[in-house]
Every structure is written in C-alpha cells, then in structure tokens.
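Under the UniProt record's numbering, think of the first position of the sequence shown as 1, with each following residue one higher.
Glycine residues also receive a C-beta, built at the ideal position from the N, C-alpha and C atoms.
In this text the structure is predicted, and so the values were computed from the model without any measurement.
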Amino acid sequence: MKKTIKTKGMHCPSCEILLREAIEEAGINVISANHAKNEIVVDVKDESALSTAKKAIEKEGYKIA
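Next comes the structure, spelled out in structure tokens:
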C-alpha cells in the first residue's frame, strides 16, 4: 500500500537521496521523495514496514512531522 510520510528537515535534493537510500537499505520501496513538500511516499506491506521506514528517517537525523 502507498503511504505518505511527512518529514521535517529536508532542504535539498541531496536530502531526498540520503533518505531514499536509508529507507531502501531498510528494505522499503520508495516511490518518491520531495524536499519542497517535506514528504516521502513509500510502498509498504503493513504498519510494521511503515514504522521501519520512519525509524530509518529518524536514524538519519530527520523528524517525522
């Protein structure tokens, strides 16, 4: 299922790349990342996978909005 995660702290395309890589390393497919909207769209199987994606974002020093 497609889920949108609102974030705080993405400022540029490099932030998008960093978070995309971190989330994908955690085994979650990233559909899109947009620093202007401060959001990442992921394809997850369940709430557990969504939680894993959020933890990967926070591990990189970004916040969940």
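Open item on the list: According to DSSP, simplified to helix, strand and coil, what is residue 39?
Closed with: strand
Task: Close beta carbons around residue 29, own chain, < 6 angstroms, minus the five adjacent residues each side - done: 43
Open item on the list: Check this for me: beta carbons of residue 4 and residue 41, under 9 angstroms apart or not?
Closed with: Going by C-beta atoms, residue 4 is nearer than 9 angstroms to residue 41.
Task: Element boundaries [beta strand (DSSP E), containing residue 33] - done: 29-34
Task: Outcome for residue 17 when other beta-carbon atoms lying within 10 angstroms are tallied against a minimum of 16 - done: Result: exposed.
Task: Between the CA atoms of residue 46 and residue 34 - distance to the nearest angstrom - done: 22 angstroms
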